[in-house]
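This report refers to the structure that appears directly beneath it.
If you want it as structure tokens, here you go:
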């Protein structure tokens, strides 16, 4: 509950700061499309359990709006494929999770000054993920919604005006339990990946 309240507080603070002078900010807004190959991995506190990685993918649409010269507010939506494998040694059983989510992020993007058409940036903030499809061989199903905290480090190359291409590496850190476990153990779906995007 505290984590969810933190997410609400984060959203309210930045919506309040953004509400002033909204028309001029909308004129400077940029949209973009992106794809992200990922490596998915699971962390768990369950005893006698080993985890394995699998390959995931994210694709989505983003909109970013300038708060000031060096800070931007970013949101949008994405389709994200998360999961991984867990081997339960005590019962000699392997759980394989492949879960599809629709993701709604709220990020703050901090940008450097332009240097030879390049801007360097960090992007950080929470995302809420709503499950839309699940493929699993386990009776323990994925929760209908989970929350991530994400951090990105990357660069943009300006093509003129508001148009740019971007590349960044990121870590999506799942902070709420991903699986409805029978033994009250915590299971988290994490991702590391590369984001490639086009902004206009």
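Numbering (my numbering), first residue to last: 4 to 203. Idealized CB from N, CA, C, for every residue including glycine.
(1) For the beta strand (DSSP E) that contains residue 39, what are its first and last residues?
(2) Taking 7 Å as the limit between beta carbons, can you name the residues of its chain near residue 36, skipping five residues before and five after?
(3) Considering only residues of the same chain and omitting the five flanking positions on each side of residue 95, which have a CB-CB separation below 6 Å?
(4) Go through its chain and collect everything with a Cβ distance to residue 172's Cβ below 8 Å, but skip five positions before and after it.
(5) Using the three-state DSSP reduction, which class does residue 109 fall into: helix, strand or coil?
(6) In the region 107-195, which residue ranges form an unbroken alpha helix (DSSP H) of at least 4 residues, counting only runs that do not cross its ends?
(7) Taking contact to mean at least 3 C-beta pairs separated by less than 8 Å, is the region 84-91 in contact with the region 120-130?
(8) State buried or exposed for residue 62, treating a residue as buried only when at least 16 other CB atoms are found within 10 Å of its CB.
(9) Roughly how far, in whole angstroms, is the beta-carbon of residue 108 from the beta-carbon of residue 77, given that I think they are within contact range, below 8 Å?
(10) Nearest CA to the CA of residue 51: which residue from 91, 123 and 125?
Taking the structure as given:
(1) In the chain shown, residue 39 corresponds to position 36, counting from 1. That run of the beta strand (DSSP E) goes 33-47.
(2) On the chain shown, residue 36 is found 33 positions in, with the first residue counted as 1. Here the set comprises 64, 200 and 201.
(3) On the chain shown, residue 95 is found 92 positions in, with the first residue counted as 1. So the list is empty, once near-sequence residues are dropped.
(4) Counting from 1 along the chain shown, the entry for residue 172 is found at position 169. Around residue 172: 155, 156, 157, 195, 196, 197 and 198.
(5) Numbered from its first residue, the chain shown carries residue 109 at position 106. In this structure, residue 109 counts as coil in the three-state DSSP scheme.
(6) If we require 4 residues or more, the region 107-195 turns out to have no alpha helix (DSSP H) run fully inside it.
(7) Taking one beta carbon from each stretch, the region 84-91 and the region 120-130 have fewer than 3 pairs nearer than 8 Å; the two do not touch.
(8) Here the question's residue 62 lines up with position 59 in the chain shown. Classification for residue 62: exposed.
(9) If you number the chain shown from 1, residue 108 lands on position 105. If you number the chain shown from 1, residue 77 lands on position 74. Right, their Cβ atoms sit about 7 Å apart.
(10) By one-based count along the chain shown, residue 51 stands at place 48. Measuring from the Cα of residue 51, the nearest candidate turns out to be 91.
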